[in-house]
Each structure stands twice: as C-alpha cells, then as structure tokens.
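Protein chains in written order, with my numbering: chain A, 176 to 496; chain B, 176 to 496.
All C-beta atoms, glycine included, are put in the ideal place defined by N, C-alpha and C.
As the structure is a computational prediction, the values presented were derived from the model and not from experiment.
Here the structure is laid out as structure tokens; the discussion comes afterwards.
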C-alpha cells in the first residue's frame, strides 16, 4: 500500500477527497497537484484559494459549515477595512489572513510558491506533499457577454452571475510545470492518478493547460481515475453546472466524463445517477461520491484506490482482484 | 480662535494632547506633524506606529487600557501567524491590521505616505490635518553596547532592555520635509507650535532632524510651547527616563527643558514637580500635565493655548492678558 498516489485538485470539493486520500494512504505516499489559476493579488497580498483549501483540509483547519476558509474564523479585519474605505468584496478572515500575509512576505523574499507552500505545510504538520501546478503565474479568465473577466472578479465579486462563453488560462502556454509535479506523474511507483471532484473548467483544466502535465498523465504507468463534480445534474458546490449550460454542454456527469475522454481510464459517477452511454477507452463506474463528513471522504478515497487497483491504463485489459 | 495651531507628536502621549487640542480648536485649524522615525517594514507591511496612534486617538478608536492600538481589538491573526511559523514579536491586532494592509497597498500603488494618511483620515472622518514629517524614509536607530539596533528591534523585540548610548536618524539628512509641514510652520496665522509630551529622543528629535523643520520652527511667528514627558523623574509611558539616565542626563523635566533651549519659548512642567533653575530665553510654567481621561486632555490643551496667547517669541517681552 505504499505505492504513490497523485491527486489533481481545485478548491473545496477536491480538497475533501484529498483529505480522504490522506487518511487512506501514508502521508509520504500522497502528492497533490493544485490549481493556481484562480490565484490573484488582492490588497497587495498573494492569495492562492485552492492551495489554501487543500492545506486547510489537510491540517484539519477548514470550516465545514461555510465550505471555505478556516474554522472558528472572525471578521474584525474586514470590518475595519470597510471603515477605511478598503476593497471588501473578497472576504478575508482574521485567521486566514495570516496565510496570505506570510505567503506574500516569503514570496517577496524571493522564494517560489512551491517553497513557500512546503514551508507552510511543514509548519502546520502536513506530511502530504502539496504542489502548485507551476511556480509561474497562470491566471484563469472567463469571457462573458461584456468581455474578459479575471476569475475572482467573475467568481466572487460578480458571484458567477455573468454567463461564461469561453475560458482561457493566461500565462499557461509559457508556464513551466513545477518540476516535482512532472517527476511525481512519471514515477514508476505510481499507483493511481486521481482527478478530484473539482470544476473541470476552472480547477482541473488550468492544471492540464500547463505544458507537460497532460502529457505526463497520458504517459503515466498508473490508471487515471476521475470523480464527478456533478451529481443529479447539479454541481455539489460552485458554478460548474451553470458553466456547462452556458458553454452549450449537457449538464451531466456523462458530459464531464466525455470531456476527459482519452485522458481518464475510470470515471466515477454518483450512484444516484443513471449510467451514461459508453465512452471509448473509459470505464464508467458508480460510487457514493457525496462527501458530507470525514467518513464519506475516506470511503470515497478507498473506492477510488480500489478502482485503481482493479484497472489498467487505457486500452489495456482490466485485471480484477 | 481660528488662528492655526501646529502640534509635533510622537506616539501615545503626544496623541493624547493632540486629541485634547482637536477638542479645543476647530479641526481645520489644527495641523499635526507626526514622527515617522519609528516606521518600519514588518511582514511585508509598512507600519507607521506614531501616525496610527495619532489617527486612532483623533478617530476615537484608540484603546485606552492597553495604551496602544485599537479598542475592542482581537488577536486571531497573530494566533494563526504563530501557527504558520511567522514572526510574532510585534503584536498586530485584527482591526489594526486593516490600517497596515491598506496603507501598504496604497503606497505600493505609488501614493506618498502623506496622501495615504490624508485618505485614511478622510475615511475615518478626521478633519484635523495629520502630516508625516517627511514622505522620505527616516529610520531611528539606537546604539547599544552590542551595536546599532533598528528602533522597533530595540523598542518592541528587546523591550527597551539594551542601554542606549547614542541615537541616529538614518536618512534624515537627505529627507525632504513634507511641504505642508513647512508651510504650516511658516503660516502668518499661526497661533502656537506645540511640542507634545512625547519622548524627546525618539519622537520629537527625529522630526527636528529633517532639514528645514527646526529652522521653520525657529523662524515661526508664533510661540513654541513644549509639554514635559517626564513627571516626578519618570516617563508617563515608554523609555524616555531610562534613556535619559543611559545618555548621562539628569532624569527630570528640567533636563528636557534644557534640551529644548533655543527652540522652545514656554516649557510646561507638571505641577507636582519643583520648578527647575532658570533657563535663558525660556519661560517655565507649571500645569497639570497627566492625561488620564478626555477632560484632562482638553484641560491641558486649553492650558497650552492660554500660554500661547500669553507669550511672545523668544527674547521678546511677554504680554499677559
């Protein structure tokens, strides 16, 4: 059970499965590649929302009720900032703020985002390796009917109201994949690559847009298993379903699966959803995918790892144990 | 009563008298020149402790018990920062942090410290004009037996424990006085220049070290009145008395007065202190100088303004009303 697992994750949904995986395998066996396409500069601070979601989930600091940020959070800073006429459309909790201030300071001292993330994880006692997809800036932007919007402008300030017509990942073409990311995907000890139940368009595809990462996944020795972010035609959280409709896609787990065709060996849809039509070179399976508590996370992680053990790379005959 | 008043202030003690003056004259008639020698960069933030003390006092946001920072403060940020392995020797409250983040961001956008201070004062409804002594960096440093220390290292991290042998204000020689500072001191409508009860060595002398400011005070048309920071041989707050002893000075209000000889027309010592020996060209008067509440602040302000009305510039015959 010590063979390595690599998970690709966006924000909150992905972070839940990452947490489950961290309970299912030794910390040293798990590497998480995290989307940085929704990173941004705000109030002079470098904010990495998806890294923070993963880190807080792994450190046991995530707020379960709110669904983002830190537990036992307070909002005195935001309150004072409003009083000073500061920009207050992006909520920054008092505890959460420590992460942004500390990260920003360390980046300003010349460290890479990878180095800073590793340091902060170590301080929080996280043994899992959390890697930004790249140390270069990649910025997700969405085209609405009124033009291109920075992701957080769309996502937070405009609360996903604009219809999304197109997406782009500014900087991706020239971004260098974080070296450990590629090494982890190429490891001969790899047991599984897991695409977490994150938004395909703004969480996982920015990762796949970084040159070398998609190819490394395609060339990996281990099976690639994706978990649906869509259950019953709805996103568990966030704008994935709304985006699919706006982009002219069917809003279903099957449509997500088809989007991953050629990349993913096993697609896990929720047991409450009907099995979609067959997809060439992809195994479609059902499992309980809704993660309401830690047990759900661990159970889904075990399901995913069992599927990895029972699968071969695309096109190959499956082995069943 | 609409003639102008200029006050020179350091931190908490000075801010109290500034607050008193703001209650005694119209806001538009009061200009405060604030020490920035103890400004520093910390956690990537530009922190201006004395400006903040003055601003919080004028905005009614200062914490009366603690003696620094904001009232109703919380410390979740500091707690989280410790958890991340961040530098936690300088206490930053959650509300206070908004000031530093907002200031830093605006400075990074290219505004001067004066502009940012004016904006933040406006947001807080402060009508008094609060001016940094200079928009250029001046940094107070103290020489201890183990070498030169940055001021906040000495003042906060080492809690004023090292004996002070010498002081210097790095950058002062080439700093340009904030233009409105000089204009305010040269105003023909000036009624009084008040040296607040701040530490002479690290609060007022950095202001006086900025080229042009001392000369503008010397050349001003209005009397210069200083209020003692030493009562009964002790500083009301802070290391002034300890510093005087370490610098080989007598620890007394009289010694402070002698330090201001040639600059100050009227020196106000506390009514509990014995009148020192005469000082040429300086009038020595007693008043209640300890400010425990708002009434005390207002009463001392009225005393100072009355002394201004009853005094002429150095060497001239006094008029009494």
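Does chain B have any CB closer than 9 Å to the CB of residue i?
i, result
"residue 290 of chain A", "no"
"residue 408 of chain A", "no"
"residue 219 of chain A", "yes"
"residue 259 of chain A", "yes"
"residue 312 of chain A", "no"
"residue 196 of chain A", "no"
"residue 496 of chain A", "Interpretation of residue 496 of chain A is limited by its pLDDT of 33, a score under 50 that renders its predicted location unreliable; no figure is taken from the coordinates."
"residue 190 of chain A", "no"
Quick one: is residue i near chain A, going by C-beta distance under 9 Å?
i, result
"residue 295 of chain B", "yes"
"residue 254 of chain B", "yes"
"residue 302 of chain B", "no"
"residue 283 of chain B", "yes"
"residue 383 of chain B", "no"
"residue 298 of chain B", "yes"
Let me make sure I understand the geometry here. Which of the options has the alpha-carbon closest to that of residue i?
i, options, result
"residue 309 of chain B", "B:388, B:180, B:394", "B:388"
"residue 397 of chain A", "A:318, A:415, A:179, A:367", "A:367"
"residue 386 of chain B", "B:374, B:353, B:264, B:408", "B:353"
"residue 508 of chain B", "B:395, B:425, B:427", "Since the first residue of chain B shown is 176 and the last is 496, residue 508 of chain B is not available in this structure."
"residue 277 of chain A", "B:283, B:262, B:284", "B:262"
"residue 355 of chain B", "B:207, B:459, B:193", "B:207"
"residue 424 of chain B", "B:361, B:348, B:390, B:340", "B:340"
"residue 384 of chain A", "A:409, A:344, A:401, A:402", "A:344"
"residue 443 of chain A", "A:403, A:252, A:298", "A:403"
"residue 330 of chain A", "A:393, A:461, A:247, A:415", "A:415"
"residue 401 of chain A", "A:428, A:411, A:369, A:467", "A:369"
"residue 283 of chain A", "A:296, A:221, A:483", "A:221"
"residue 382 of chain A", "A:200, A:204, A:210", "A:210"
"residue 452 of chain A", "A:436, A:250, A:463", "A:436"
"residue 342 of chain A", "A:182, A:360, A:379, A:256", "A:379"
"residue 237 of chain B", "B:218, B:268, B:257", "B:268"
"residue 438 of chain B", "B:464, B:420, B:391", "B:391"
"residue 477 of chain B", "B:184, B:259, B:196", "B:196"
"residue 230 of chain B", "B:460, B:295, B:411", "B:295"
"residue 254 of chain A", "B:257, B:254, B:249", "B:249"
"residue 219 of chain A", "A:458, A:183, A:280", "A:280"
"residue 547 of chain A", "A:441, A:256, A:199, A:232", "Missing from the structure shown is residue 547 of chain A; chain A here goes from 176 to 496 and no further."
"residue 417 of chain A", "A:319, A:178, A:251, A:205", "A:319"
"residue 183 of chain A", "A:359, A:411, A:463, A:265", "A:359"
"residue 488 of chain B", "B:346, B:258, B:199, B:455", "B:455"
Quickly, what does DSSP pair residue i with across the bridge? List them, please.
i, result
"residue 401 of chain B", "B:370, B:442"
"residue 290 of chain A", "According to DSSP, residue 290 of chain A bridges with nothing at all."
"residue 341 of chain B", "B:318"
"residue 325 of chain B", "B:316"
"residue 457 of chain A", "A:454"
"residue 352 of chain A", "A:309"
"residue 184 of chain A", "A:209"
"residue 365 of chain A", "A:179"
"residue 270 of chain B", "DSSP output for residue 270 of chain B lists no bridge partner at all."
"residue 382 of chain A", "Paired residues: none, contrary to the question."
"residue 237 of chain B", "B:245"
"residue 222 of chain A", "A:215"
"residue 409 of chain A", "A:406"
Any heavy atom of the ligand FAD within a distance shorter than 8 Å of the CB on residue i?
i, result
"residue 367 of chain A", "Annotation note on the ligand FAD: not contained in the displayed structure, which lists no ligands."
Within 7 Å of chain A by C-beta, residues of the stretch 265 to 281 of chain B in sequence order: 269, 270, 272, 273, 274, 276, 277, 279, 280
The stretch 232 to 252 of chain B: positions lying closer than 7 Å to chain A by Cβ: 249, 251, 252
Cβ contact check for the stretch 334 to 351 of chain B and the stretch 262 to 273 of chain B: 3 or more pairs under 8 Å: no
Three or more C-beta pairs below 8 Å linking the stretch 209 to 229 of chain B and the stretch 236 to 247 of chain A: no
Contact the stretch 422 to 436 of chain B vs the stretch 472 to 480 of chain A: 3+ CB pairs below 8 Å: no
Three or more C-beta pairs below 8 Å linking the stretch 187 to 198 of chain A and the stretch 368 to 379 of chain A: yes
Any 3 or more C-beta pairs closer than 8 Å across the stretch 324 to 332 of chain B and the stretch 208 to 217 of chain B: yes
Touching by the beta-carbon criterion (3+ pairs, under 8 Å), the stretch 300 to 308 of chain B and the stretch 275 to 293 of chain A: no
Contact the stretch 404 to 411 of chain A vs the stretch 448 to 466 of chain A: 3+ CB pairs below 8 Å: yes
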